[in-house]
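>
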Amino acid sequence: MTEALPLRPELVGELPYGAPQLDVPVALNTNENPYPPSEATVADMAAAVADAARSLNRYPDRDALNLRTDLAAYLSTDGGAELGVDQVWAANGSNEIMLQLLMAFGGPDRTAVSFAPTYSMYPEYARDTHTRWVVGRRRDDFGIDLPHALDVIAEHRPSVVLLASPNNPTGTALGLADVEAILAAAPGVVVVDEAYGEFRRAGVPSAVSLLPAHPRLVVTRTMSKAFALAGGRLGYLAASSAVVDAVRIVRLPYHLSSVTQAVARVALAHAGEMLAAVDELRAERDRTQEWLVGLGLHAAPSDANFVLFGVFGDRHRVWQGLLDRGVLIRETGPDGWLRVSIGTPTEMASFRTALTAILTEVPA
Ligand code: PMP
0 MTEALPLRPE LVGELPYGAP QLDVPVALNT NENPYPPSEA TVADMAAAVA
50 DAARSLNRYP DRDALNLRTD LAAYLSTDGG AELGVDQVWA ANGSNEIMLQ
100 LLMAFGGPDR TAVSFAPTYS MYPEYARDTH TRWVVGRRRD DFGIDLPHAL
150 DVIAEHRPSV VLLASPNNPT GTALGLADVE AILAAAPGVV VVDEAYGEFR
200 RAGVPSAVSL LPAHPRLVVT RTMSKAFALA GGRLGYLAAS SAVVDAVRIV
250 RLPYHLSSVT QAVARVALAH AGEMLAAVDE LRAERDRTQE WLVGLGLHAA
300 PSDANFVLFG VFGDRHRVWQ GLLDRGVLIR ETGPDGWLRV SIGTPTEMAS
350 FRTALTAILT EVPA
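Letter by letter, the sequence shown follows residues 0 to 363 in numbering that gives the first Met the number 0.
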């Protein structure tokens, strides 16, 4: 006999979030970086882990000061702002960073706002922190509809606004003028989620450059994508030191293991090598997008390491057809659209071959 558990009613019937982890020849479904770390980096990581292992009887540095110093130095080159260690915070993936932000700034009787289509985890952070969730819409080209965004903010007075830039699943980056207009209107914190920031096209700025002038702005980043460290679980934020102090109140003690800190520092020390692959992926993304458009499909202009394309009458058939040919992509986004992560040239060739075969069977 099973007795009912006292599960929170809003969790009853909910499923854990996550794309299928299938064993397929070509996995282009979770926006990972297809290039693993080089053997030289792997050797340095192994040495750093061995070093950390020698003191695993002790708790890690609770404040991850060395790692945060390295992250601040990295952001001064990629983001364009000189930040102190007290303006950077790190956690297990930017997912944990977001949850910490909602724990600190959301909560009962408070509202978080975002604009769809956008990252599907945002409503879950809100649900898990008892924060009211309000979602506005993006324009048909997936950009932020600024007048509408300002109306939603004026009506709901959110304590947190979440803006992904480049946005997942559309790849759309946000102009800094829009971020500044939202900052001026929003009464609370404005989070610009730059998980895919390093993949932005030349000339597209990072919101990190706005930080010195905006104490309620938070920019989140991750090492899961550009740094090819999805398995290492390291996300971080840059903001005013007041935001970092607030997040430190809700973090669990010793949340970031010594092993994670050591591995992330090695990856940062090898930033040149890790980021060289980013340029290749950006070029492959642009080629993929042009190819899709050449087929007569729509492909949303992307500043990320994926492309949203469509529009299919029956997108599931296309997705399934690709999977049947060993290529796993993501069935996500607005009706009729599919998202493909950018892989190696060989993986993208498999994707093109499979999609071409399907489109001769299933016209778009
Ligand atoms: N933000 C966005 C927009 C994402 O797409 C993802 C991962 N798919 C994340 C945050 C979280 O990434 P991680 O926890 O690996 O840093």
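Each residue gets a CB set at the ideal place from its N, CA and C atoms; glycine is no exception. Since the model is a prediction, treat every value here as computed from it, not as a measurement.
Please enumerate, following chain order, all residues with a beta carbon closer than 6 Å to at least one heavy atom belonging to the ligand PMP.
Result: ASN30, GLY92, SER93, ASN94, TYR118, ALA163, ASN167, ASP192, ALA194, THR221, SER223, ALA229, GLY234.
> For the beta strand (DSSP E) that ARG156 lies in, which residues bound it at each end?
From DSSP, ARG156 is part of no beta strand (DSSP E); its letter is neither H nor E.
> Compare the C-alpha of LEU175 against each of LEU216, ALA153, ARG137 and name the closest.
Among LEU216, ALA153, ARG137, the Cα nearest to that of LEU175 belongs to LEU216.
> Less than 8 Å between the C-beta atoms of GLY187 and PHE104, yes or no?
For GLY187 and PHE104, yes; Cβs fall inside 8 Å.
> To which residues does DSSP link ASP22 through a beta bridge?
In DSSP, ASP22 forms no bridge with anything.
> How big is the Cα-Cα spacing for PRO107 and GLU13?
Cα to Cα, PRO107 sits roughly 20 Å from GLU13.
> Thinking just about the alpha-carbon of each residue, which of ALA266, VAL41, LEU280, ASN65 is nearest to the one in SER340?
It is LEU280 whose Cα lies nearest to the Cα of SER340.
> Grouping DSSP H, G and I as helix and E and B as strand, with all else coil, what is TRP88?
If DSSP states are grouped into helix, strand and coil, TRP88 belongs with the strands.
> Are the CB atoms of LEU267 and LEU70 nearer to each other than 8 Å?
Yes. Within cutoff.
> Which whole runs of the beta strand (DSSP E) in the stretch 287 to 335 are 3 residues long or more, in chain order?
Complete beta strand (DSSP E) runs here, min 3: 305 to 309.
> Quick check: SER119 and TYR16, are their CB atoms within less than 8 Å of each other?
Yes, the pair counts as a contact, with Cβ atoms nearer than the cut-off.
> What residue does the beta strand (DSSP E) around THR110 start on, and which one ends it?
Unbroken beta strand (DSSP E) run through THR110: 110 to 115.
> Report the residue ranges of all alpha helix (DSSP H) runs contained in full by the stretch 257 to 290; include only those spanning at least 4 residues, in chain order.
If we require 4 residues or more, the alpha helix (DSSP H) runs fully inside the stretch 257 to 290 come out as 257 to 268.
> Whole angstroms is fine: what's the gap from MET222's alpha carbon to PRO5's?
Approximately 37 Å between the Cα atoms of the pair.
> Look at VAL189 and LEU182 and say whether their C-beta atoms are less than 8 Å apart.
Yes, the pair counts as a contact, with Cβ atoms nearer than the cut-off.
> Pull the bridge partners of SER340 from the DSSP assignment, please.
In DSSP, SER340 forms a bridge with PHE305.
> Anyone know if the C-beta pair for GLY325 and PRO19 falls short of 8 Å?
Going by C-beta atoms, GLY325 is not nearer than 8 Å to PRO19.
> Would ASP127 and VAL243 be called neighbours here (beta carbons separated by less than 8 Å)?
Contact: no.
> Would you kindly report the start and end of the unbroken alpha helix (DSSP H) that includes ARG131?
Taken as a continuous stretch (DSSP letters only), ARG131 belongs to no alpha helix (DSSP H), being part of the beta strand (DSSP E) at 131 to 136.
> First and last residue of the beta strand (DSSP E) that includes THR219?
THR219 -> beta strand (DSSP E) spans 216 to 221.
> If you measure between the beta carbons of ALA47 and LEU255, is that distance less than 8 Å?
Going by C-beta atoms, ALA47 is not nearer than 8 Å to LEU255.
> Identify which residue in VAL317, GLY342, THR355 has its Cα closest to the Cα of GLY335.
Of VAL317, GLY342, THR355, the residue nearest in Cα terms is VAL317.
> Less than 8 Å between the CB atoms is what I'm expecting for PRO168 and GLY332, so what's the real figure, rounded?
Right, the Cβ-Cβ distance comes to about 4 Å (below 8 Å), so this counts as a contact.
> Take the Cβ of SER54 as the centre, count every other Cβ of all protein chains shown within 10 Å, and call the residue buried at 16 or more, exposed below.
Counting Cβ neighbours within 10 Å, SER54 comes out exposed, since fewer than 16 surround it.
> What are the boundary residues of the beta strand (DSSP E) that VAL191 is part of?
Per DSSP, VAL191 belongs to the beta strand (DSSP E) from 188 to 192.
> Would you identify the three-state DSSP class for TYR118, choosing helix, strand or coil?
Residue state, collapsed to three classes: coil.
> Please report how far the alpha carbon of PRO300 lies from the alpha carbon of HIS155, in whole angstroms.
Approximately 31 Å between the Cα atoms of the pair.
> Could you tell me which of HIS315, ALA298, PHE226 sits nearest to GLY309, measuring between CA atoms?
The residue with the shortest Cα to Cα distance from GLY309 is ALA298.
> According to the Cβ coordinates, are VAL249 and MET347 closer than 8 Å?
No, they are not a contact pair.
> When you compare each of ASP144, VAL207, GLU197, VAL87 to ALA245 by their alpha carbons, which one comes out closest?
The candidate whose alpha carbon is nearest that of ALA245 is VAL87.
> From the DSSP secondary-structure annotation, give me the bridge partner or partners of GLY234.
ALA90, THR221, per the DSSP bridge assignment.
> How about ALA227 and PHE198: are their beta carbons less than 8 Å apart?
Result no, Cβ atoms of ALA227 and PHE198 do not sit closer than 8 Å.
> Whose C-beta lies closer than 8 Å to the C-beta of ALA377 among residues of the same chain, with five residues either side of it excluded?
There is simply no residue 377 to check, as the chain begins at 0 and stops at 363 in what is shown.
> Is the Cβ-Cβ distance between VAL133 and THR110 less than 8 Å?
Yes, the pair counts as a contact, with Cβ atoms nearer than the cut-off.
> For the alpha helix (DSSP H) containing THR40, name the first residue and the last one.
Unbroken alpha helix (DSSP H) run through THR40: 38 to 52.
> Should GLY170 and ALA26 be called a contact, given that it needs their Cβ atoms to be closer than 8 Å?
Result no, Cβ atoms of GLY170 and ALA26 do not sit closer than 8 Å.
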